[in-house]
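Per numbering that gives the first Met the number 0, the sequence shown runs over residues 0 to 200.
We put the beta carbon where it would ideally sit given N, CA and C, even for glycine.
Since the model is a prediction, treat every value here as computed from it, not as a measurement.
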Amino acid sequence: MRKIDDGLPPEREDEAPSPFIGRVGGVGDLSPEEAACEDADAASAVEALEREKQELEDALARARADFFNYRKRVERDRLKERAMIAEDNVFSFLPVLDNLDRALAVNPKSEGRSILKGVEMVRKQFLNVLESLGVTQIPTDGVPFSPECHEAVTAVPTDDPKMNGIVVEEVMTGFRSKDRVLRAAKVRVASFAQDDEDEPE
Numbered sequence: 000m001r002k003i004d005d006g007l008p009p010e011r012e013d014e015a016p017s018p019f020i021g022r023v024g025g026v027g028d029l030s031p032e033e034a035a036c037e038d039a040d041a042a043s044a045v046e047a048l049e050r051e052k053q054e055l056e057d058a059l060a061r062a063r064a065d066f067f068n069y070r071k072r073v074e075r076d077r078l079k080e081r082a083m084i085a086e087d088n089v090f091s092f093l094p095v096l097d098n099l100d101r102a103l104a105v106n107p108k109s110e111g112r113s114i115l116k117g118v119e120m121v122r123k124q125f126l127n128v129l130e131s132l133g134v135t136q137i138p139t140d141g142v143p144f145s146p147e148c149h150e151a152v153t154a155v156p157t158d159d160p161k162m163n164g165i166v167v168e169e170v171m172t173g174f175r176s177k178d179r180v181l182r183a184a185k186v187r188v189a190s191f192a193q194d195d196e197d198e199p200e
């Protein structure tokens with residue numbers, strides 16, 4: 000009897016059956032233990048990524064803070080350097096002002112009044128320039144002696160105990176730039192000394 004060809008490939012006796020036959024779900028099907036282990040691994044990986052992300056964010060924040068502090072430090076150093084340069088330039092002009100003060104201290108003749116007036120104008124202008132640079136004169140008139148900004152050249156005896164340690168005369172003008180003393184003022188200071196006969200026996 001002739002077998003009818005149905006278009007399907009003939010079965011081979013030596014062909015092994017598929018290992019997936021009879022399994023529900025095919026390749027992706029896992030046992031509960033395997034699925035739980037895979038979920039734990041995934042959760043651990045996510046946690047590690049979260050930690051790494053947080054560490055990177057912290058490092059970035061620190062880098063930003065360091066850069067901000069660096070910029071502030073550079074700007075502060077730049078301003079300080081400029082201030083020191085300005086102070087050095089001002090210091091080189093102080094002898095000129097000293098000479099003007101000496102010229103003004105001389106008693107002029109009547110015909111020299113115009114010269115004296117010109118010197119006074121130059122001195123005033125010079126002081127204005129210094130003030131615009133933040134440089135001011137150190138007060139000396141009747142103030143208590145301060146070793147931070149005064150230099151005593153002589154002591155002037157006084158019989159008034161209230162005048163002890165008080166500046167009575169300025170020998171050379173002192174200058175400060177804000178809180179920094181450029182040059183201490185040279186002054187004469189009153190000194191009260193009690194007489195021996197007034198001391199108690």
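Could you compute how far the alpha carbon of residue i sits from the alpha carbon of residue j?
i           : j           : result
residue 79  : residue 58  : 31 Å
residue 184 : residue 148 : 6 Å
residue 179 : residue 193 : 37 Å
residue 152 : residue 169 : 10 Å
residue 131 : residue 90  : 15 Å
residue 92  : residue 81  : 17 Å
residue 97  : residue 174 : 12 Å
residue 32  : residue 50  : 27 Å
residue 113 : residue 122 : 14 Å
residue 128 : residue 85  : 12 Å
residue 158 : residue 99  : 35 Å
residue 142 : residue 186 : 11 Å
residue 161 : residue 63  : 60 Å
residue 41  : residue 69  : 42 Å
In the DSSP assignment, the beta strand (DSSP E) including residue i goes from what residue to what residue?
i           : result
residue 125 : Here residue 125 belongs to no beta strand (DSSP E); instead the alpha helix (DSSP H) covers 112–131.
residue 156 : 149–157
residue 144 : Element bounds for residue 144: n/a, residue is neither H nor E.
List the residues that DSSP assigns as beta-bridge partners of residue i.
i           : result
residue 166 : 188
residue 136 : 174
residue 180 : 175
Does the distance from the CB of residue i to the CB of residue j come in under 7 Å?
i           : j           : result
residue 102 : residue 155 : no
residue 124 : residue 172 : no
residue 167 : residue 139 : no
residue 176 : residue 133 : yes
residue 191 : residue 163 : yes
Any heavy atom of the ligand ATP closer than 6 Å to the CB of residue i?
i           : result
residue 140 : Only the bare structure without any ligand can be found here, which leaves the ligand ATP out of the picture.
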